[in-house]
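For the sequence shown, position 240 (counting from the first letter as 1) is numbered 636 according to the numbering used here, and the numbering increases by one without interruption. For every residue, glycine included, the Cβ atom is placed at its ideal position computed from N, Cα and C.
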Amino acid sequence: MESTERKGWARVVDYCARPRLLIGASVFRIVAGLGILYQYLINYEQRRYLFGPDGVMPFTDFARQHGAGFSLYALSPSIPAFEVLFHLGIVIAIVWLVGWRTRLVTPLQYLFWWSLHRRFDSLWDGGDNVLQIVLVYSFCVDLSAHWSFDALRRRGRARDPEWARLSAMAHNAGMLAFALQICLVYGIAGLTKVQGETWRNGTALYYALRAGEFTWPGHSELIFHNSFLLTFLAYATVAFQVSFPFLLFMNARTRTLAVLAGLTFHLGIALFMGLVTFATFLIAVDLSLIGDEEYRWLFGAVDRVRARLRAALERPRRAVPAG
């Protein structure tokens, strides 16, 4: 009996010690890294006005209201110190994006990005809040297994087996936290929408798309002038968000279906509502949950299509008979 229990426990440990979603974690790093870098660069020209000591929130007001959490920008009221911190944040965002010393840089990425958000927290949206939470989980995750300088550096290098097992367990726990977090986001959002009258009667998107700050001029009209499409999209949104937690954990096919639905959903938000970084950060988390086998199948399909196109282009053209 004791031997059977040991064997069962050994199987559980072996199962937990096999790293999963390594490709998805690397995709998360790249997509989220691009979104963070975009936030730095799109606000670069207005950085002193938005975040500087003499900007829209003067340093004295920021220091007095600084109860929301630690921020590096609260350490000094000088403009040179602000410039150093802001540009260091950009450098760290780039280093994290390319995957160099990612285990060390990930907490720094979180610290500098969190500090920037605390400096002017009225500027951000729910996507930033989700990513702030997920970045904490990513301290445990192997974000650089693919497409990174770390992956090149580790290639061919032997690793201690025990450390590798512990690292894999921590990685899997972090990815499980990713999944639970995004399930909470979608599930609660969907259940909240069900209670709203405008979502039940299918008119919620009409009011959202008619708001001046959430529109794509010349294109949003194609949706809010079509009552059938408005109703369908409203019900589809609620159905997607409520069903996402079940689809994610059912099996690999339903998980991929849920992620593809989320990708379509957030691409629509980015295009028609202009919430680019919100969509980018949620897409980053969604894409992290696709399995390695599904990603390899997708890459293989792309390679097969590319090979067929290349063969078609290289195929000699038949000579056209004269006359």
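### Query
Buried or exposed: which applies to W405, given that a residue is buried once 16 or more other Cβ atoms fall within 10 Å of its Cβ?
It is exposed - the Cβ of W405 has fewer than 16 other Cβ atoms within 10 Å.
### Task
For W612, I'd like the list of residues in its chain whose CB is within less than 7 Å of its CB, leaving aside the five on either flank, ordered along the chain.
Excluding sequence neighbours, W612 sits near L667, F668, G670.
### Query
Thinking C-beta only, is F545 closer than 8 Å to W720?
Residue 720 is absent from the structure shown; the chain starts at 397 and stops at 719.
### Query
Just how far apart, CA to CA, sit A630 and Q591?
Straight-line Cα distance between these residues: approximately 13 Å.
### Task
Give me the Cα-Cα distance between L437 and F674, rounded to the nearest whole angstrom.
Near 16 Å, if we compare the C-alpha coordinates of F674 and L437.
#### Entry: Close-in-space but distant-in-sequence residues of the same chain around F574 (CB under 7 Å, 5 per side omitted)
Closer than 7 Å at the Cβ level, and outside the excluded window around F574, lie V530, Y533, V681, S684, L685.
### Task
Jot down the residue ranges of each uninterrupted alpha helix (DSSP H) in the stretch 594 to 642, minimum 4 residues, whole runs only, in chain order.
Within the stretch 594 to 642, the complete alpha helix (DSSP H) runs of at least 4 residues fall at 600 to 606, 617 to 620.
### Query
Going by the beta-carbon positions, is the gap between G431 and T660 smaller than 8 Å?
No.
### Task
Grab the span of the alpha helix (DSSP H) containing N568 for me, first residue to last.
Start and end: 557 to 590.
### Distance between W595 and T627 (C-alpha atoms, nearest Å)
Taking the straight line from one Cα to the other gives about 9 Å.
### Query
How many Å lie between G485 and K589 at the Cα?
Spanning the two alpha carbons is a distance of roughly 37 Å.
### Task
Consult DSSP for A470 and reduce its assignment to one of helix, strand or coil.
A470 falls in the helix class under three-state DSSP.
### Query
Where A715 and V501 are concerned, what is the direct C-alpha to C-alpha distance, given to the nearest angstrom?
At A715 the pLDDT is 47, less than 50, meaning the model places this residue with poor confidence and gives no usable figure here.
### Message
Measuring straight from C-alpha to C-alpha, what distance separates Q442 and V480?
### Response
The C-alpha of V480 is placed about 16 Å away from the C-alpha of Q442.
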